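Residue numbers (our numbering), protein chains in the order written: chain A, 77 to 273; chain B, 6 to 359; chain C, -19 to 531.
Note that CB positions come from ideal geometry on N, CA and C, so glycine has one too.
Everything numeric in this text was worked out from a predicted model, so none of it was measured.
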Amino acid sequence: MTILLAILALPLLALLFGAILGYASIRFHVDGDPIVDQINAHLPQTQCGQCGHPGCRPYAEAIANGEDINKCPPGGEATIEELANLLGREVLPLDAEHGEEKEVKMVAYIREPECIGCTKCIQACPVDAILGAAKQMHTVIVDECTGCDLCVEPCPVDCIDMLPVETTPQNWHWERPKPSVELIATSHQPHRAEVLS
Amino acid sequence: MKLAKVTSPHLHDRSDTSHVMKMVIVATLPGLAALSWFFGWGVLINLVWAWIVALGCEAIVVKIRKRPLGYYLNDYSALVTATLLGLALPPLAPWWLTLVGVGFAIIVAKHLYGGLGSNPFNPAAVGYVVLLISFPVQMSSWLPARGVEGAIPPGFIDSLKSIFPLLGNASVDIVTQATPLDQLKQRPGLTITEIWQPGSAFGRFAGVGWEWVNIGFLIGGLFLLFRKIIYWQIPVAMLGSLTVMSIIFWGGSGSEGHGSPLFHLLSGATMLCAFFIATDPVTAATSNRGRLIYGAGIGVLIYVIRVWGSYPDAAAFAVLLLNFCAPLIDYYVQPRTYGHNSGHNSDSDRSGDS
Amino acid sequence: MNRKLFSFPGGIHPPENKLQSLNLPIQSVPLPKRLILPLQQHIGAPAKAIVNVGDQVKKGQCLAQPQGFVSASIHAPTSGAIAEIADHEIPHPSGLASLCIVLQPDGEDSWCEAQPIADYSAAKPAELVDKIRQSGITGMGGAGFPTSVKLSPPADSKIESLIINAVECEPYITADDMLMRERAAGVIEGALILNHILQTRETLIAIEDNKPDAIAAMRRAVEALSESHNSQPHNIEIVVIPTRYPSGGEKQLIQNLTGKEVPSGKPPLHVGIVVQNTATTYAIHRAINHGEPLISRIVTLTGEALNKPGNYETLLGTPIEHLLELAGIDNQQLSRLIMGGPMMGFALDSTALPVVKTTNCLLAATNTEYPEQPPAMPCIRCGACAEACPASLLPQQLLWFSMGGELDKAEQYNVADCIECGACSYVCPSHIPLVQYYRATKGELAQRRADLIQSDHARDRFEFREERLAKEKAEKDAKRKARAEAAAKAQAAKKAAAALEAKEGGATKDSSDAKPPSDKEDVVAAALARVEAKKKAKADAAAKTQQQESS
């Protein structure tokens, strides 16, 4: 009799807890961002393709499928760290194969008198930031340019320059002060190489 | 003409770190004078020796860290650590005791953690605790204060010789005696009235000499408060909580008694701790309310350890334990920023704004 | 008179050093050789030049129009010719160049026709605000926010108090002090105009108690007003507040006078308060009652490198060297030239820069007056900075986050609420340049926000482009298919025609039979077209849903 009771009790309990769990999973369901969107949000959206993918979103998809997180030169170390945090992966140094992190943001400029109006750069631009038509002069909408470099290669007359974004009184900001130890003259100034070694 | 391109503010207060440190050293003078009067030259000799050791250690570490020497020695912080530790050591502590204590304080407790401003624990308290745990006998060998059963502190040469035995033997035997706090703790079932005999070490309120030493440090502390070198919250909270604890658990003058509030306020390292050690800003809590909590915690712990712990005095332990808590206190006790509902941006705050 | 004050946390008492520039009455300045007028002297979008090089302009003529809501116009400070419209270095902490109009005075100083508003009390508020906007008036206390914007509250908000900020808490500066001593009636008149525009319950003129002469002058002016305006009661009150830096900070002043706090990131309008600077109030009086746009201001010239310190009524655009010359500069002694006060002003690296609308003070300091700061020592966590902070921030924690570049943390600890008053740096015994760290962090945060917006934008454009390409490709494919079919059909028709011709060649009577097969062909073509249309509709629908999902 007791065995029967025990046998009965166990499935009942299982049912009960199963029901609770099932209810909880519906009741407290969280609509999280799909991981690809979250990864994409951390990528710099230059759409430069230096990672080997045609744009940031495809790379985000590849990362979600296990690709390394260190293939984005425009994002650089900061992006790698963010992605490592997000995905619980290890921080890797930037993969030099895909390019180097640039210090300053660049934008493309077309030397307009030299432009022959071939539209090749227009087709290459991933964010439609170049205006123009066949046999007409082209120009870059600077505010839309992500500085991805992709228009430079296709230009048959090499009339596109990548120039650093100009600092104006509007976008200028104060710099952080230098650490004071560097300001003090000392015979024992630690060299960078020494510190790194 | 060359115009300096510097950022505002262009105007600065005249105070600087070394000035703060110098003021702290100056403020120990009344206490130092009382200690020297009641316990003799040993106090001063110890102090000078501690300074030498501290400066030496500081110089060595700064050299090893390849930092500019003058810049770091100029802040006087090593001297403050040495002063506070030197004042807490027994008057005739052997030279190696000071060397170990101060060396540990400067090298391990201060510089291994990143130097001035980065150490999580008060170096003087760390040095003192290391000595107390490692060398309990030497650390509890106090001289009887001047006036206890006719005791007179030894002279300069004798003190010097007993601190540095290499210089020869002292001409008189040095008699040591437990401190009043120690005696209170070690009494075998005696009532307070029984051990509080006239002529004993207990004096009027809190031990011959000790009363004056503590009053000396109190005066120095008030001077620091007056000069706005320290904030009132920590000493007031600490002395307040110690007073409250000793009133609650007083227990009268029987064998169960734990001594009067006045006894606890004026004996041992109470005042030195309240105004000089606990107020070390580097290792204390930083907000006003945080300082109150921090100080009160130290006061409670001092009493708890003195009365129910196994050590007669507890200032250093209490300070170190609260040093542990300081970051936590700082995290939870934050002032409300202007224009916000809470200390730092929480979600509710943001939704309230939008 | 005995208004209850609420105080504010923190603050400091730096040496005031105001007396040296109070010995002389307001001085006039002879016309300089040329005037340099930056198109941006205010917060917001730069103005747009409406004159050309070579144009002759009259004094007070508009040279540049505002672009957008938050912007301000620029007027000719004197009559003359436009010599140049080009990039010039402007007085800005960055030391960068920006577009400026350069005016060559002709020495006539002849006015264009002034158009004052005869009776402001009869005018509509909107008309007055427009006049203020047309007169190019911006906040003259330091930040330079266009005044008309501040005076255009949203329709649903009720403005309770108007505060005239005559506190002038920065050391050395006495421009507002002198203005009140000599032209108190004008300031009061300006306050009345503002009150008419905003219809506030109270008008508070706040003055620090270290300016007894200005307080007396203002009180006399208010009394005179009470006597002359017997029929019209006014609600102006002079409030004397204790001297403590930065009591003139907008948020601190509001807290001090009303006990209210402006929520983080919101304008004072949000709590029903408008704050205007004294000099701005006076400029409003000139603009409305005399039709004079903002073309000059009072500048305090002070510092130990000058031997005739004082307040100078200066045309905007006047080169600083012209003023310094006038005030008896000792160029050998000058080591630091500061625009603004010693607490919040910034150092200039040239004396050729012009005076702009926000230039309330030029401080020509010697090396002994402001010696170079010794190198910073480590923070000893003394907490003096937190004690001095008027915004109740945690400067130490913010310092760690700023040094370590932890922008998220700094943001969480409200670095954005730092008003950059410099009180923390002033008291720091370790000489740490705290404010500079916070300024940098705020700048980096702003940069990051801008970058984020831009990257979101780029992502949208990229996705839109992908979609467009996919659509174009689909369309092309469909076209190609249609073409291929048409070609096939034409081929078939040709074949059929050829066959028919062959048949016709044999027997013409069969021609009537040619109909059924062609009918059949039509049916096939129609069916194919239907299928095609269906497919296309499906593809379109799919593309549409995809677009909806992605957006």
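Worksheet item: By Cβ distance, which residues of its chain are closer than 7 Å to Ile309/C, with the 5 residues on each side in sequence left out?
Response: As a position in the third sequence, residue 309/C is number 329, starting the count at 1. Residues Ala285, Leu286 and Ala344 of the same chain have their beta carbon placed closer than 7 Å to that of Ile309/C, with the five preceding and five following residues left out of the count.
Worksheet item: Under 9 Å, do Val287/B and Ser123/B count as touching if we go by C-beta distance?
Response: Start at 1 with the first residue of the second sequence, and residue 287/B comes out as number 282. Start at 1 with the first residue of the second sequence, and residue 123/B comes out as number 118. Yes, Cβ-Cβ distance for Val287/B and Ser123/B is below 9 Å.
Worksheet item: Given Ala494/C, which residues of its chain have a CB within under 7 Å of its CB, disregarding the five upstream and five downstream residues?
Response: Within the third sequence, numbered from 1, the residue matching residue 494/C stands at position 514. Summary for Ala494/C: the model assigns pLDDT 45, below 50, so the residue's position carries little reliability, and this model does not support an answer.
Worksheet item: Which residue or residues does DSSP assign as beta-bridge partners of Cys62/B?
Response: Taking the first residue of the second sequence as 1, we reach residue 62/B at position 57. Bridge partners of Cys62/B: none, in fact.
Discussion item. By the DSSP assignment, the beta strand (DSSP E) with Tyr262/C in it spans what residues?
Written reply: Stepping through the third sequence from its first residue, residue 262/C is reached at position 282. Segment Thr258 to His270 is the alpha helix (DSSP H) holding Tyr262/C; no beta strand (DSSP E) there.
Worksheet item: Can we count Ser128/C as close to the ligand FMN, meaning its CB is less than 8 Å from some heavy atom?
Response: Looking at this structure, you won't find the ligand FMN or any other ligand, since it has none at all.
Fill in: Anticipated Cβ contact below 8 Å, Ile216/C with Val147/C, distance rounded
Here residue 216/C refers to the residue found at position 236 when the third sequence is read from its first residue. Here residue 147/C refers to the residue found at position 167 when the third sequence is read from its first residue. Rounded, the Cβ-Cβ distance is 16 Å, inconsistent with contact.
Worksheet item: Counting Cβ pairs closer than 8 Å, one from the region 142 to 154 of chain A and one from the region 461 to 475 of chain C, do we hit at least three?
Response: No, the region 142 to 154 of chain A does not touch the region 461 to 475 of chain C.
Discussion item. If you measure between the beta carbons of Leu76/C and Glu69/C, is that distance less than 9 Å?
Written reply: What you label residue 76/C is simply residue 96 of the third sequence in a count that begins at 1. What you label residue 69/C is simply residue 89 of the third sequence in a count that begins at 1. In this structure, Glu69/C lies closer than 9 Å to Leu76/C by Cβ.
Practice prompt. Name, please, each residue of chain C whose Cβ falls closer than 8 Å to the Cβ of Pro245/A.
Written response: The sequence position of residue 245/A within the first sequence is 169, counting from 1. Going along chain C in sequence order, the residues near Pro245/A (Cβ under 8 Å) are Gln20, Ile70, His72, Ser74, Leu76 and Ser78.
Worksheet entry | Cβ pair count under 8 Å reaching 3, the region 101 to 115 of chain A against the region 416 to 428 of chain C | The region 101 to 115 of chain A, when compared against the region 416 to 428 of chain C, does not touch it at the 8 Å Cβ threshold.
Worksheet item: Within the 9 Å Cβ cut-off, does Glu251/A reach chain C?
Response: Counted from its first residue, the first sequence places residue 251/A at position 175. It does; some Cβ of chain C falls within 9 Å.
Fill in: Chain-ordered neighbours of Tyr133/B on chain C, where CB pairs are closer than 7 Å
Here residue 133/B is taken as the residue at index 128 of the second sequence, counted from 1. Within 7 Å Cβ-Cβ: nothing; Tyr133/B doesn't reach chain C, min ~20 Å.
Worksheet item: So does the region 275 to 283 of chain C actually touch the region -11 to 3 of chain C, counting three or more Cβ pairs closer than 8 Å?
Response: Using a Cβ-Cβ distance cut-off of 8 Å, the region 275 to 283 of chain C and the region -11 to 3 of chain C are in contact, since at least three pairs of beta carbons, one from each stretch, lie closer than that value.
Item to complete: Could you check which residue in Ala403/C, Met120/C and Val415/C has the C-alpha nearest to that of Ser227/C?
Response: Within the third sequence, the letter at position 247 stands for residue 227/C. For the set Ala403/C, Met120/C and Val415/C, the Cα lying nearest the Cα of Ser227/C is the one of Ala403/C.
Worksheet entry | Best match in Pro125/B, Met250/B, Leu78/B and Val53/B for proximity to Trp100/B [C-alpha to C-alpha] | Taking the first residue of the second sequence as position 1, residue 100/B is located at position 95. Per the C-alpha coordinates, the member of Pro125/B, Met250/B, Leu78/B and Val53/B positioned closest to Trp100/B is Val53/B.
Discussion item. Against chain D, with Cβ distances strictly below 9 Å, would Leu74/B count as a contact?
Written reply: No chain D is part of this structure, whose protein chains are labelled A, B and C.
Fill in: Cys80/C, enclosing beta strand (DSSP E) - first and last residue
Residue 80/C sits at position 100 when you count from the first residue of the third sequence. Unbroken beta strand (DSSP E) run through Cys80/C: Ala77 to Pro85.
Worksheet item: Closer than 9 Å, CB to CB, is Asp397/C near chain A or not?
Response: As a working mapping, residue 397/C is identified with position 417 in the third sequence. It does not; no Cβ of chain A falls within 9 Å.
Item to complete: Take the Cβ of Phe49/C as the centre, count every other Cβ of all protein chains shown within 10 Å, and call the residue buried at 16 or more, exposed below.
Response: Reading the third sequence from its first residue, position 69 is the one you call residue 49/C. Classification of Phe49/C: exposed, given that the 10 Å Cβ count is below 16.
Worksheet item: Under the three-state reduction of DSSP, which class applies to Met383/C: helix, strand or coil?
Response: Reading the third sequence from its first residue, position 403 is the one you call residue 383/C. In the structure shown, Met383/C sits in a helix (DSSP, three-state: H, G or I).
Worksheet item: Going along chain C, which residues have a C-beta under 7 Å from Val203/A?
Response: Counted from its first residue, the first sequence places residue 203/A at position 127. The contact set of Val203/A on chain C, defined by CB atoms closer than 7 Å, consists of Ala438, Arg441, Phe442 and Arg445 in chain order.
Practice prompt. Determine contact between the region 127 to 146 of chain C and the region 293 to 311 of chain C, defined as no fewer than three beta-carbon pairs at a distance below 8 Å.
Written response: The region 127 to 146 of chain C is not in contact with the region 293 to 311 of chain C.
Discussion item. So for Phe269/B, helix, strand or coil by DSSP?
Written reply: Against the second sequence, residue 269/B aligns to sequence position 264. In the sequence as presented, Phe is not what sits at residue 269/B; that position holds His. In the structure shown, His269/B sits in a helix (DSSP, three-state: H, G or I).
Discussion item. Give me, in chain order, the residues of the same chain whose beta-carbon lies closer than 7 Å to that of Gln123/A; leave out the 5 immediate sequence neighbours on both sides.
Written reply: Mapped onto the first sequence, residue 123/A falls at position 47. The answer, listed in chain order, is Gly131, Cys132, Pro202, Val203, Thr222 and Cys224.
Worksheet item: Going along the chain, which residues of its own chain have a beta-carbon closer than 6 Å to the beta-carbon of Lys489/C, five neighbours each way excluded?
Response: As a position in the third sequence, residue 489/C is number 509, starting the count at 1. Note on Lys489/C: pLDDT 49, under 50, position unreliable in the model; the coordinate value appears next. There are no such residues.
Fill in: Span of the alpha helix (DSSP H) around Gln148/A
Working through the first sequence from its first residue, we reach residue 148/A at position 72. Checking the sequence, you will find Cys at residue 148/A rather than Gln. Counting along the chain, Cys148/A sits inside no alpha helix (DSSP H), nor does DSSP assign it H or E at all.
Discussion item. Less than 9 Å between the beta carbons of Asn51/B and Ile168/B, yes or no?
Written reply: By 1-based counting over the second sequence, the position of residue 51/B is 46. By 1-based counting over the second sequence, the position of residue 168/B is 163. Yes, the pair counts as a contact, with Cβ atoms nearer than the cut-off.
Item to complete: Below 9 Å between beta carbons is the criterion; list the residues of the region 371 to 397 of chain C that meet it against any residue of chain A, in chain order.
Response: Within the region 371 to 397 of chain C, the residues whose Cβ lies closer than 9 Å to some Cβ of chain A are Ser382, Met383 and Gly385, listed in chain order.
Item to complete: Ignore the nearest five residues each way along the sequence and tell me which others in Ser146/B's own chain have a CB closer than 6 Å to its CB.
Response: For the purposes of this step, residue 146/B is taken as the residue at position 141 of the second sequence. If we look at Ser146/B and ignore the five residues flanking it on each side, its Cβ neighbours are Pro95 and Thr181.
Worksheet item: Quick check: the region 355 to 369 of chain C against the region 114 to 121 of chain B, are there 3 or more CB pairs under 8 Å?
Response: The region 355 to 369 of chain C, when compared against the region 114 to 121 of chain B, does touch it at the 8 Å Cβ threshold.
Worksheet item: Would you call His267/A buried or exposed, if buried means 16 or more other Cβ atoms sit within 10 Å of its Cβ?
Response: Here the question's residue 267/A lines up with position 191 in the first sequence. Model confidence at His267/A stands at a pLDDT of 42, short of 50, so the residue's coordinates are unreliable; what they give is reported in the following sentence. When all chains shown are included, His267/A counts as exposed.
Worksheet item: Any beta-carbon of chain B closer than 9 Å to the one on His326/C?
Response: Within the third sequence, residue 326/C is the residue found at index 346, counting from 1. Sequence inspection shows Phe at residue 326/C; the His mentioned does not correspond to that position. Among the CB atoms of chain B, one or more fall inside 9 Å of the CB of Phe326/C.
Practice prompt. Closer than 8 Å by C-beta to Ala61/C: which residues in its own chain qualify, once you throw out the five before and the five after it? Chain order, please.
Written response: Taking the first residue of the third sequence as 1, we reach residue 61/C at position 81. Taking Ala61/C as the centre and dropping the five residues before and after it, the same chain places the C-beta of Gly34, Asp35, Gln36, Val37, Leu83, Gln84 and Asp86 closer than 8 Å to its C-beta, in chain order.
Discussion item. Check whether chain C comes within 9 Å of Arg3/B, counting only Cβ atoms and requiring the distance to be less than that.
Written reply: The requested residue 3/B does not occur in the structure, where chain B is confined to residues 6 to 359.
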